[in-house]
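Novice: Structure below; questions to follow.
Numbering (the working numbering), first residue to last: 1 to 77.
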């Protein structure tokens with residue numbers, strides 16, 4: 001895919017920032033629409049990740065947010 005992973009905006013060879021750099025808060029945008037791959041178009045979590053979110057450890061949540069590149073919601077609204 002031309003050196004960039006789908007939807008992540010970073011080169012495949014770029015190292016991920018440390019897990020501690022990511023929040024454990026939900027990336028939900030209240031735009032819930034699953035694509036054919038069972039990934040939400042709003043927050044980019046999989047259906048399995050969304051379903052398990054409330055039972056995940058904080059590090060597991062951070063790992064999901066790391067995978068999707070979520071750094072937190074814009075609080076300026």
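Ideal Cβ positions, reconstructed from N, Cα and C, are used throughout, including at glycine.
From a predicted model like this one, the values you see are computed outputs, not experimental measurements.
Since residue 40 sits in a beta bridge, which residues does DSSP pair it with?
Specialist: What you label residue 40 is simply residue 40 of the chain shown in a count that begins at 1. Note: residue 40 sits in a beta bridge opposite 34.
Novice: Buried or exposed: residue 27, going by 16 or more other Cβ atoms within 10 Å of its Cβ?
Specialist: Taking the chain shown and counting its residues from 1, one reaches residue 27 at position 27. The residue is buried, with at least 16 neighbouring Cβ atoms inside 10 Å.
Novice: Can you say whether residue 40 is buried or exposed, counting buried as having 16 or more other CB atoms within 10 angstroms of its CB?
Specialist: Here residue 40 corresponds to residue number 40 of the chain shown, with the count starting at 1. Burial call: buried.
Novice: If we call anything under 8 Å between Cβ atoms a contact, is residue 61 one with residue 24?
Specialist: Position 61 of the chain shown, counting from 1, holds the residue named residue 61. Position 24 of the chain shown, counting from 1, holds the residue named residue 24. Yes, they are a contact pair.
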